[in-house]
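Taken in order, these protein sequences are the chains called A and B.
If you count by this note's numbering, then the first sequence holds residues 496 to 757, one letter each, in order.
If you count by this note's numbering, then the second sequence holds residues 496 to 757, one letter each, in order.
We put the CB at the ideal spot given by N, CA and C, even for glycine.
Values in this document were obtained by computation on a predicted structure and should not be read as measured data.
See below for the structure under consideration.
There are 2 protein chains.
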Amino acid sequence: MKKLADAEKRDSLFVGTLAKGLRVLRAFDESNTEMSLGALAERTGMDKSAVQRLANTLHVEGWLNKDPATRRFRPSHAWLELAYAYYWSDPLVGAAMPKLIELSRSLGETINLAEISGDHILYVSRLPCHRTYFAASIIGRRLPALSTSVGRAMISTWSEEEREIAITTWPLKVFTPRTTQDRDQIRANIADAAAQGFAISRDQMILNEIGIAAPIMGPDGRALAAVQCSVSAYAWDDERIRRKILPMLLDTANAISPHARG
Amino acid sequence: MKKLADAEKRDSLFVGTLAKGLRVLRAFDESNTEMSLGALAERTGMDKSAVQRLANTLHVEGWLNKDPATRRFRPSHAWLELAYAYYWSDPLVGAAMPKLIELSRSLGETINLAEISGDHILYVSRLPCHRTYFAASIIGRRLPALSTSVGRAMISTWSEEEREIAITTWPLKVFTPRTTQDRDQIRANIADAAAQGFAISRDQMILNEIGIAAPIMGPDGRALAAVQCSVSAYAWDDERIRRKILPMLLDTANAISPHARG
DNA sequence: ATTAAGTGTATCGCATTGCGATACGACAAA
DNA sequence: TTTGTCGTATCGCAATGCGATACACTTAAT
């Protein structure tokens, strides 16, 4: 057999220099927003010379801004231009956007569109309606799927085996004192979601926040994404959520679904 | 003098392989949302072998998704994660977001935050309120600065010389039959903006769209960004815009300004 | 002032690494 | 089958990036 294993394939067709350069981009996150050469070297685990060349190249090519005074590097506008290109490439976003705007306007509450990315969910589109913490208002955020209404709603559309793998092996993290750490509870919540066609979570990311998510179905019956509504427990009780939010949320998710693959 | 010219500097510290790899990412845009190896080779001007290695590396590293059936490449979720990192690194966004949400809610109209990026403006944050065309609802879009209310509002805060350079040399493009091509008209519009502290544009990007932009001032009196409100000419006349929208828009822009640099 | 530490910048010879022509294989159309 | 297209894999060569090191500049302490 001539076919190469992954490791070997990685060797022959893998351009290490490019991978290193991208590691420099990935070094930036919410707590590392601007970095000196030294800081980059430390975070990427590469030596100063390599980082110097790579960062310089990224700077010349317009991927990093360089503060002339501090000599620190920062993400450039190019990072948002990539997001722009992503949006055009994700067929779901185009189909969903007008309906999400409508929903947000009707409900007057925060609406999100999220997809699953590995074992996390990722917010693709956000329409904040009230003041929230910063991270909740920007796209691209990743959260452990099991701890979110979006993740549970999507997983609930999967086969028994896949569900079980996710429930038992995917990571959990503590965000609030009430972030569920018990996988049995999560299993039950996902089972409910499967039965009802939507998922509700409470106090998972921040206290007194309720998330309600409805899956956007693909042609094979598996969720492609989920529409989520985030509300305050002070303003909404269970009964009102079911009466006012759910019908519209489910309508919106269903309205998006058929268009997903034509 | 030992200091190297840019061209030489480029030679010694420039990592060509990285630059090539990034050119593969940049090949994707609104009209090229998924590409085969051949298409990538053509768009980047590199030969098939190089593209093969680079695209494969990007795929392995999680920057490109590969459709197993068509073998075509598409942007991955990583592209949105970069946007996430960008948002944390731009101090203006954190300061502006809550105020933009408030403004959007008060006015019930689409609110944008945009910055200047070279000779274009770039939408950094968008809060759409009504159905619009897709491009108007997603971040990262670049538009010729001279044709937008945001660009004109920001340029109006610059020195006479800088303004003149922008007005006479920056690019124009035709979007609608009424997109202003006359640089004298643009000069007059910018002068108005300088006198009034805001800019209004009509029919520039699409017909019957009115853009109203107020600059967010930096400590040196130059605009750092602009808050923009986009409304329909069918729903709003000049008088109502000045009475209802402008006061709140200017308030919001001013409220953001002082926080920009502490 | 002088010294010293820390950080960014530039140099250079060597070997690694990526280059690109080319051949192979899979699939589709004629 | 033949022909064409497109993705995949190979391989020897030399261009390219590597990384140790030396230099320049700034800041802070003595």
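Per DSSP, the beta bridge partners of Pro639 of chain B are B:His615. The Cβ atoms of Arg518 of chain A and Met530 of chain A lie no closer than 8 Å to each other. Within chain A, the residues placing a beta-carbon under 7 Å from that of Phe629 of chain B are Gly589, Met592, ordered along the chain. Close partners of Phe509 of chain A in chain B (Cβ separation under 8 Å): Arg548, Asn551, Thr552, Val555. With fewer than 16 neighbouring CB atoms inside 10 Å of its own CB, Thr664 of chain B falls in the exposed class. Residues Ile650 of the same chain have their beta carbon placed closer than 6 Å to that of Arg658 of chain A, with the five preceding and five following residues left out of the count. With respect to the C-alpha of Lys561 of chain B, the residue from B:Tyr581, B:Met592, B:Val588, B:Thr528 having the closest C-alpha is B:Thr528. Here the alpha carbons of Tyr581 of chain B and Arg567 of chain A stand approximately 15 Å from one another. Proximity of Cys724 of chain B to chain A, defined by a Cβ-Cβ separation below 8 Å, is not satisfied.
Lys668 of chain A carries a coil assignment under DSSP once its states are collapsed to helix, strand and coil.
Within the same chain, Cβ atoms closer than 6 Å to the Cβ of Glu604 of chain A are found at Cys624, Cys724, Val726, the five residues on either side in sequence being excluded. One Cα belongs to Thr512 of chain A, the other to Met712 of chain A, and the distance between them is close to 40 Å. Put simply, the CB of Glu657 of chain B is far from chain A, with every gap to its CB atoms at 8 Å or more. Per DSSP, reduced to three states, the secondary structure at Met592 of chain B is helical.
Identification of chain A residues near Pro623 of chain B by a Cβ-Cβ cut-off of 7 Å yields Ile596, ordered along the chain.
Cβ-Cβ distances below 6 Å link Phe629 of chain B to nothing in the same chain once the five nearest sequence neighbours on each side are left out.
Chain order gives the chain A residues near Tyr581 of chain B as Pro570, Trp574, Leu575, where near means a beta carbon separation below 7 Å. If you draw a straight line from the Cα of Ser632 of chain B to the Cα of His572 of chain A, it is about 18 Å long. Following the DSSP letters along the chain, one finds Lys515 of chain B in no beta strand (DSSP E) but inside the alpha helix (DSSP H) bounded by residues 511 to 521. The way I'd put it, the stretch 639 to 646 of chain A does touch the stretch 691 to 708 of chain A; three or more beta-carbon pairs between them come closer than 8 Å.
Annotation for Ile596 of chain A: Leu622 place their beta carbon closer than 7 Å to its own, counting only its chain and skipping 5 residues before and after. Nearest to Arg738 of chain B by C-alpha distance, out of B:Leu602, B:Gly635, B:Arg548, B:Asp524, is B:Leu602. For Met712 of chain A, the uninterrupted beta strand (DSSP E) run begins and ends at 704 to 712, by DSSP.
For Ala720 of chain B, the secondary structure class from DSSP, reduced to helix, strand or coil, is strand. Excluding residues up to 5 positions away in sequence, Ser571, Ala573 lie with their Cβ nearer than 7 Å to the Cβ of Gly557 of chain B in the same chain. Excluding sequence positions up to five before and after Lys543 of chain B, its CB lies within less than 8 Å of the CB of Leu532, Gly533, Ala536, all in the same chain and listed in chain order. Taking 8 Å as the CB threshold, Glu525 of chain A lines the interface with chain B. In the three-state reduction of the DSSP assignment, Phe629 of chain B falls in the helix class. When only Cα atoms are considered, Thr552 of chain B and Ala728 of chain A end up about 46 Å apart. Excluding sequence positions up to five before and after Phe670 of chain B, its CB lies within less than 8 Å of the CB of Ser642, Gln699, Met700, Ile701, all in the same chain and listed in chain order. According to the DSSP assignment, Lys543 of chain A belongs to the alpha helix (DSSP H) that extends over 543 to 555. Within 10 angstroms of the beta-carbon of Ala730 of chain A lie fewer than 16 other beta-carbons, which makes it exposed. Counting along the chain, no beta strand (DSSP E) covers Ala688 of chain A; the unbroken alpha helix (DSSP H) around it starts and ends at 678 to 691. Less than 8 Å divides the Cβ of Ile662 of chain B from the Cβ of Arg682 of chain B. Looking at the DSSP output, Asp524 of chain B sits in a beta bridge with B:Asn527.
Following the DSSP letters along the chain, one finds Ala564 of chain B in no alpha helix (DSSP H), marked with neither H nor E.
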